[in-house]
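K.L.:
Position 119 of the sequence shown, counted from 1, bears residue number 118 in numbering that gives the first Met the number 0, the numbering being contiguous throughout. Encoded as structure tokens, here's the structure I'll be asking about.
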Amino acid sequence: MKITIIDDYFDTVRTLPCFQKLAGHEVTVWNDHVQDIDALAARLRDTEALVLIRERTQIHERLLERLDALRLISQRSVYPHIDIEACTRRGVIVSSNMHAGSPCYAAAELTWGLIIAAMRRIPQQMAALRTGTWQIGVGNSLRGKTLGIYGYGRIGSTVAGYGRAFGMHVLVWGREASLERARRDGYAVARNKREFFASAEVISLHMRLVKETRGIVTR
Numbered sequence: 000m001k002i003t004i005i006d007d008y009f010d011t012v013r014t015l016p017c018f019q020k021l022a023g024h025e026v027t028v029w030n031d032h033v034q035d036i037d038a039l040a041a042r043l044r045d046t047e048a049l050v051l052i053r054e055r056t057q058i059h060e061r062l063l064e065r066l067d068a069l070r071l072i073s074q075r076s077v078y079p080h081i082d083i084e085a086c087t088r089r090g091v092i093v094s095s096n097m098h099a100g101s102p103c104y105a106a107a108e109l110t111w112g113l114i115i116a117a118m119r120r121i122p123q124q125m126a127a128l129r130t131g132t133w134q135i136g137v138g139n140s141l142r143g144k145t146l147g148i149y150g151y152g153r154i155g156s157t158v159a160g161y162g163r164a165f166g167m168h169v170l171v172w173g174r175e176a177s178l179e180r181a182r183r184d185g186y187a188v189a190r191n192k193r194e195f196f197a198s199a200e201v202i203s204l205h206m207r208l209v210k211e212t213r214g215i216v217t218r
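Next comes the structure, spelled out in structure tokens:
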């Protein structure tokens with residue numbers, strides 16, 4: 000089978016143990032990103048199975064109609080960038096592992112890094128240090144402050160755990176189903192959105208930017 004993996008920026012797929020499962024197949028890995036539909040269609044012309052990395056490339060009908068050999072798209076996690084109806088019409092199977100119950104450590108760790116950097120003003124301190132200035136302030140401690148988690152899903156719940164480990168009071172807001180999960184995990188839940196924003200000193204939003212969530216903070 001002719002398999003194409005696109006948008007593997009840092010050429011990491013080849014280093015994964017699961018890559019060995021593709022032995023015996025004709026595998027092509029692209030490390031750059033192409034947006035031009037003609038260039039993309041040329042790359043994928045003979046592809047039978049397409050492996051996508053997250054949501055970096057839009058797979059729409061104008062592209063699909065030029066990929067006659069395509070039979071399978073493998074996608075990790077959500078797939079708003081794939082025209083599912085067009086795939087169905089053309090007999091292309093879309094396989095996705097939504098892993099709803101699995102934590103997303105990478106995103107949670109990056110989120111926590113941003114929180115620490117903001118509270119301790121690490122970028123500003125580093126910039127000042129490069130100019131020969133030693134310390135421009137003491138920053139703010141996280142311990143004892145209230146961490147507001149808006150959206151208690153895979154990422155939000157993991158960030159909440161980091162907040163608890165750092166001695167923060169965690170307050171959660173979101174959909175009722177996520178609030179119930181937060182209660183079961185032992186976290187405080189705000190009575191309403193107004194209370195959530197009034198109480199939280201650090202706020203971390205965890206939701207996709209789609210039509211339903213656009214402007215959700217100010218609504």
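Where a beta carbon is used, it is the ideal one built from N, C-alpha and C, also for glycine.
Skipping 5 residues on each side, what residues in its chain have a beta carbon closer than 7 Å to that of Trp111?
P.N.:
The residues are Val158, Tyr161.
K.L.:
Where Tyr151 and His168 are concerned, what is the direct C-alpha to C-alpha distance, given to the nearest angstrom?
P.N.:
Between Tyr151 and His168, the C-alpha separation is close to 15 Å.
K.L.:
Skipping 5 residues on each side, what residues in its chain have a beta carbon closer than 6 Å to that of Ala189?
P.N.:
Cβ within range, chain order: Leu170, Trp172, Phe195.
K.L.:
Within the chosen definition, does the stretch 2-12 reach the stretch 35-49 through at least 3 CB pairs nearer than 8 Å?
P.N.:
Yes, the stretch 2-12 is in contact with the stretch 35-49.
K.L.:
Can you give me the C-alpha to C-alpha distance between Val91 and Leu69, rounded to a whole angstrom?
P.N.:
Spanning the two alpha carbons is a distance of roughly 7 Å.
K.L.:
Using C-beta distances below 6 Å, list every residue in its chain close to Ser95, excluding the 5 sequence neighbours before and after it, in chain order.
P.N.:
Once the five neighbours on either side are set aside, the close Cβ partners of Ser95 are Gln74, Tyr78.
K.L.:
Could you give the residue range of the beta strand (DSSP E) that holds Val171?
P.N.:
Its beta strand (DSSP E) spans residues 168-172.
K.L.:
Can you tell me which residues form a DSSP beta bridge with Thr3?
P.N.:
In the DSSP output, where bridge partners are listed per residue, Thr3 has Thr27, Leu49.
K.L.:
Who are the near neighbours of Ala181 in its chain, counting only those whose CB is closer than 6 Å to its CB and skipping five residues on each side?
P.N.:
Answer for Ala181: Tyr151, Val171, Val188, listed in chain order.
K.L.:
Between which residues of its own chain and Gln57 is the CB-CB distance below 6 Å, once the five residues before and five after are set aside?
P.N.:
Closer than 6 Å at Cβ, skipping near neighbours: His80.
K.L.:
Would you mind stating whether Val28 and Asp7 have Cβ atoms separated by less than 8 Å?
P.N.:
Contact flag set, yes.
K.L.:
Alpha carbon to alpha carbon, what distance is there between Ser76 and Lys144?
P.N.:
Answer to the nearest angstrom: the Cα atoms are 33 Å apart.
K.L.:
Measuring CA to CA, which of Ala116, Ala85, Asp10, Asn30 is closest to Val201?
P.N.:
Measuring from the Cα of Val201, the nearest candidate turns out to be Ala116.
K.L.:
What first and last residue would you give for the alpha helix (DSSP H) that runs through Arg75?
P.N.:
Here Arg75 belongs to no alpha helix (DSSP H); instead the beta strand (DSSP E) covers 71-75.
K.L.:
If you reduce the DSSP assignment to three classes, tell me which class Ala187 lands in.
P.N.:
Strand at Ala187.
K.L.:
On the criterion of 16 or more Cβ atoms from any shown chain inside 10 Å, does Ala107 qualify as buried, or is it exposed?
P.N.:
It counts as buried.
K.L.:
Do the CB positions of Phe219 and Arg183 come within less than 8 Å of each other?
P.N.:
This structure leaves residue 219 out entirely; the chain is present only between 0 and 218.
K.L.:
Beta-carbon separation of Gly138 and Arg153 under 8 Å?
P.N.:
No, these two residues do not count as a Cβ contact at 8 Å.
K.L.:
Measuring straight from C-alpha to C-alpha, what distance separates Ser156 and Leu178?
P.N.:
C-alpha separation (whole angstroms): 11 Å.
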